[in-house]
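J.: The structure follows.
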Amino acid sequence: MQNNLFYIVQQFLISNNYTINEEELNFQLEGHPNYPSLYAVTELFTHFSIENLALEIPTTKESMNELPNSFLTVISNEKGEGLAMVTKSKDGFTAIYNHKRSERFTNDQFLVNWSGITLMIEPNESKEKNKIQPSKINRIVLALIAIFLTGSSILIGASTISLYLFITSLIGLIINHYIIKQELGIASEAIKKLCTNNEKTNCNAVLNSKGATLFGKIKLSDLGMIYFFSLSILIYNFSIFSQGTAQLSQWIVLFSIFGTLYSLFYQGITLKKWCPLCLGIIGLLWAQAIGVIVLGNLEFSIKVIKVQDILITLSLGALITIIWTQISSLLKKSTELKKVQIEFSKFRKNFNLFKAALSQMQQINLPLNTLGMQFGNSNAPHSIDITIVSNPLCSYCKDTHKLKNDLLKRFPEHVNINYVFLNRIDDTKSETARIAASLLTIYQNDNNIDQAMDEIYVEDANIEQWLDKWEPATQYQASFDNLKSSAEWAINQDIKFTPTLIIDGYAFPNEYEYSDLLYFIEDLLEEKINIEV
Numbered sequence: 111m112q113n114n115l116f117y118i119v120q121q122f123l124i125s126n127n128y129t130i131n132e133e134e135l136n137f138q139l140e141g142h143p144n145y146p147s148l149y150a151v152t153e154l155f156t157h158f159s160i161e162n163l164a165l166e167i168p169t170t171k172e173s174m175n176e177l178p179n180s181f182l183t184v185i186s187n188e189k190g191e192g193l194a195m196v197t198k199s200k201d202g203f204t205a206i207y208n209h210k211r212s213e214r215f216t217n218d219q220f221l222v223n224w225s226g227i228t229l230m231i232e233p234n235e236s237k238e239k240n241k242i243q244p245s246k247i248n249r250i251v252l253a254l255i256a257i258f259l260t261g262s263s264i265l266i267g268a269s270t271i272s273l274y275l276f277i278t279s280l281i282g283l284i285i286n287h288y289i290i291k292q293e294l295g296i297a298s299e300a301i302k303k304l305c306t307n308n309e310k311t312n313c314n315a316v317l318n319s320k321g322a323t324l325f326g327k328i329k330l331s332d333l334g335m336i337y338f339f340s341l342s343i344l345i346y347n348f349s350i351f352s353q354g355t356a357q358l359s360q361w362i363v364l365f366s367i368f369g370t371l372y373s374l375f376y377q378g379i380t381l382k383k384w385c386p387l388c389l390g391i392i393g394l395l396w397a398q399a400i401g402v403i404v405l406g407n408l409e410f411s412i413k414v415i416k417v418q419d420i421l422i423t424l425s426l427g428a429l430i431t432i433i434w435t436q437i438s439s440l441l442k443k444s445t446e447l448k449k450v451q452i453e454f455s456k457f458r459k460n461f462n463l464f465k466a467a468l469s470q471m472q473q474i475n476l477p478l479n480t481l482g483m484q485f486g487n488s489n490a491p492h493s494i495d496i497t498i499v500s501n502p503l504c505s506y507c508k509d510t511h512k513l514k515n516d517l518l519k520r521f522p523e524h525v526n527i528n529y530v531f532l533n534r535i536d537d538t539k540s541e542t543a544r545i546a547a548s549l550l551t552i553y554q555n556d557n558n559i560d561q562a563m564d565e566i567y568v569e570d571a572n573i574e575q576w577l578d579k580w581e582p583a584t585q586y587q588a589s590f591d592n593l594k595s596s597a598e599w600a601i602n603q604d605i606k607f608t609p610t611l612i613i614d615g616y617a618f619p620n621e622y623e624y625s626d627l628l629y630f631i632e633d634l635l636e637e638k639i640n641i642e643v
């Protein structure tokens, strides 16, 4: 289900005109502690500020007729219950389970198989066209480069055999690229399906076997990359101008056949498992060899193949080996790092761990509502009380200001935020005190407090310009009195630094980033409701 979940979520977003980077989407989805569940999907949409609604709808014709054009739902089929993306049309519904499997239902059939558990999102009405994903851009660029190189080879007079070997080497690089992705565990769904098609097919068993590594160090997939890279560069840069390197490259192709015999024997006799991708490479090497025999004009003479041709070939092979070894090492480290990041994300978003850490923190008496500024919904029967102790000129306080905005945007009815300024007692002259007092006055007068805060809580804010624009012309002693009372409260609660974040009377755990609070609001709210009930 896990791989299918990413696919249907991605297609669901596309169908609603959302474009999200594939890597970021996959990271946020797999990094959720409840992955692969519907709850993880709703949290994913919330993370990307996509309005969503998950509920259990009565399975009636009236409810069915009110369904949007596309939605996620749990649906029954011959394989049991599973999550699917469903699209609605005039004559029925289409359920998409993965990139290869979908199913059509009439209205009556859908009612029978529909569980009622449904997740809907607000379509993106932006007129901006969907942007091409970076991965797609990379594929387009690589395709254009291949076309350019092939075309330029023709234009500058490459022989038929050189052109044939060059094109097949590019194809070999593509296939080998998929082999390496399979080894790293980042292959696409289509490749994974190809590699586990039946009981005799298992790419991982072949690629991870001892026979896939020479001398315990060199992976055959790495050799494949080095071979095809070296051959394509050798042909493109040297064979066109040197008959010797052209001949040498053809002999290399013929000798590569011995490697294919070893691979066939190992897969078929020793492992009794086949790797379709590996067989694709083997077939390509045989196609190259046959091409050399049919189209080539083999010679092995010192008059044709000179010492400099051999040195060029060896030097190129050594250079490609060094470069690819470094690239391969970086790819493996990057893949391992992503796995660690996903596991860390699961740990960081685990509510039970966060709650345990929060309960161990200092307990703080919350300030009176008359101190500071109030945001959110203080009248809600159930809400999370959040106190932010801030300083307008504190660089780290910019993060908590952004957190305030994000909380109000995503949970306006469920958070009660008290924004308190920390200032020295009796300080009325400093820029910090003047800005804080100005903000309190603006807030009391209900005069664009959000804009005023946004303009001061930015990088490189111009303080003089801000004061010229926002500092009240009239006396605002009441605001300085408020600052003094806030300072006294902070001293009594042993609060010495800004920013300080307080959640329902507990200091925010040091192990977490302030922005992590966004992951836990719904869980905190649910826990509070259950306790109060």
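Counting with my numbering, you get residues 111 to 643 for the letters of the sequence shown. Idealized CB from N, CA, C, for every residue including glycine.
Using three-state DSSP, classify Tyr149 as helix, strand or coil.
T.: Correct three-state label for Tyr149: helix.
J.: Is the beta carbon of Leu532 sitting closer than 8 Å to the one on Ser596?
T.: A contact, by the Cβ cut-off of 8 Å.
J.: I need the DSSP call for Leu549, collapsed to helix, strand or coil.
T.: Residue state, collapsed to three classes: helix.
J.: Out of Arg214, Thr423, Tyr629, which has the shortest C-alpha to C-alpha gap to Ser186?
T.: Here the closest residue by C-alpha is Arg214.
J.: In its own chain, which residues sit with a C-beta less than 8 Å from the C-beta of Lys383, not counting the 5 before and 5 after it?
T.: Closer than 8 Å at the Cβ level, and outside the excluded window around Lys383, lie Lys310, Thr311, Asn312, Ala315, Val316, Gln377.
J.: Does the region 361-375 touch the region 225-232, meaning 3 or more C-beta pairs lie closer than 8 Å?
T.: Cβ pair count under 8 Å is below three, so no.
J.: Based on Cα-Cα distance, which residue from Ile271, Lys302, Gly393 lies nearest to Tyr346?
T.: Answer by Cα proximity: Ile271.
J.: What is the DSSP secondary structure of Asn475, reduced to helix, strand or coil?
T.: Three-state DSSP puts Asn475 in coil, outside helix and strand.
J.: Could you tell me the distance, in whole angstroms, from the CA atom of Tyr207 to the CA atom of Asn144?
T.: Rounded to the nearest angstrom, the two C-alpha atoms are 20 Å apart.
J.: Apply the 10 Å Cβ neighbour rule to Glu623 and answer buried if 16 or more other Cβ atoms are within range, or exposed otherwise.
T.: Glu623 should be labelled exposed.
J.: Could you tell me the alpha carbon to alpha carbon distance between Arg458 and Val525, rounded to whole angstroms?
T.: Whole-angstrom Cα-Cα distance: 21 Å.
J.: Terminal residues of the continuous beta strand (DSSP E) containing Asp495?
T.: That run of the beta strand (DSSP E) goes 494-500.
J.: When you compare the region 527-546 with the region 499-512, are there three or more beta-carbon pairs, one atom per stretch, that lie closer than 8 Å?
T.: Touching, yes.
J.: Do you know offhand how far Asn558's Cα is from Thr584's?
T.: Distance between the alpha carbons of Asn558 and Thr584: 17 Å.
J.: Would you grab the beta carbon distance between Ile612 and Thr497 for me? Rounded to a whole angstrom, and I think it's under 8 Å.
T.: Contact flag correct, Cβ pair sits at about 4 Å.
J.: At 4 residues or longer, what runs of the alpha helix (DSSP H) sit wholly inside the region 111-137?
T.: List check, alpha helix (DSSP H) in window: 112-125.
J.: Considering only residues of the same chain and omitting the five flanking positions on each side of Pro178, which have a CB-CB separation below 7 Å?
T.: Excluding residues within five positions, the ones whose Cβ falls inside 7 Å are Met230.
J.: Roughly how many angstroms lie between the CA atoms of Gln484 and Tyr529, to the nearest whole one?
T.: Between Gln484 and Tyr529, the C-alpha separation is close to 6 Å.
J.: I'd like the list of long-range same chain contacts for Ile247, defined as Cβ closer than 8 Å, with 5 residues on each side in sequence excluded.
T.: Residue confidence for Ile247 is low, a pLDDT of 48 falling below 50, so the modelled location carries little weight; the figure read from the coordinates is stated next. No residues qualify anywhere along the chain.
J.: So, Leu408 versus Gln360, is the Cβ gap smaller than 8 Å?
T.: Yes, they are a contact pair.
J.: Measuring alpha carbon to alpha carbon, tell me which of Trp224, Ala205, Glu569 ends up nearest Gln644.
T.: Past the boundaries of the shown model lies residue 644; the chain is included only from 111 to 643, so the question cannot be answered.
J.: So, with DSSP's three-state summary, where would you put Ile415?
T.: Residue state, collapsed to three classes: coil.
J.: Tell me which residues share the same chain as Ala562 and place their Cβ nearer than 7 Å to its Cβ, disregarding the 5 neighbours each side in the sequence.
T.: Leu549, Ile552, Trp580.
J.: Express the C-alpha separation of Lys291 and Trp434 in angstroms, rounding to a whole number.
T.: Whole-angstrom Cα-Cα distance: 15 Å.
J.: Spatial neighbours of Gly427 within its chain, please: C-beta separation below 6 Å, excluding the five flanking residues on both sides.
T.: Taken in chain order, the residues that qualify are Ser340.
J.: Are Gly482 and Leu518 closer than 8 Å when you measure CB to CB?
T.: Not closer than 8 Å, so no.
J.: Can you name, in chain order, every residue of its own chain whose Cβ lies under 6 Å from the Cβ of Asn318, other than the five neighbours on each side?
T.: If we look at Asn318 and ignore the five residues flanking it on each side, it has no Cβ neighbours.
J.: With H, G and I counted as helix, E and B as strand and the rest as coil, what does DSSP make of Ala562?
T.: Helix.
J.: Below 8 Å on the Cβ atoms is my guess for His492 versus Ile639; work out the distance and round it to an integer in Å.
T.: His492 to Ile639, Cβ: 5 Å. Contact.
J.: Can you tell me the Cβ-Cβ gap for Ser279 and Ser342, rounded? I've got them flagged as a contact below 8 Å.
T.: 4 Å between Cβ atoms; contact.
J.: Exposed or buried, Ile325, counting other C-beta atoms within 10 Å across all chains shown (16 or more means buried)?
T.: Note that residue 325 is Phe in the sequence shown here, rather than Ile. Phe325 is exposed by the Cβ-count criterion.
J.: What is the DSSP secondary structure of Leu634, reduced to helix, strand or coil?
T.: If DSSP states are grouped into helix, strand and coil, Leu634 belongs with the helices.
J.: For Pro609, count the other beta carbons within 10 Å of its own beta carbon; 16 or more makes it buried, fewer makes it exposed. Which is it?
T.: By the 10 Å Cβ count, Pro609 comes out buried.
J.: Relative to the C-alpha of Asp633, which residue among Ile124, Ala150, Asn127, Asn592 is closest?
T.: Per the Cα distances, Ala150.
J.: Below 8 Å on the Cβ atoms is my contact criterion, and I expect Leu294 with Lys442 to pass it. Report the Cβ-Cβ distance as a whole number of Å.
T.: Yes, they are in contact, since the Cβ atoms of Leu294 and Lys442 sit about 7 Å apart, within 8 Å.
J.: What would DSSP say about Asn533, mapped onto helix, strand or coil?
T.: Asn533 falls in the coil class under three-state DSSP.
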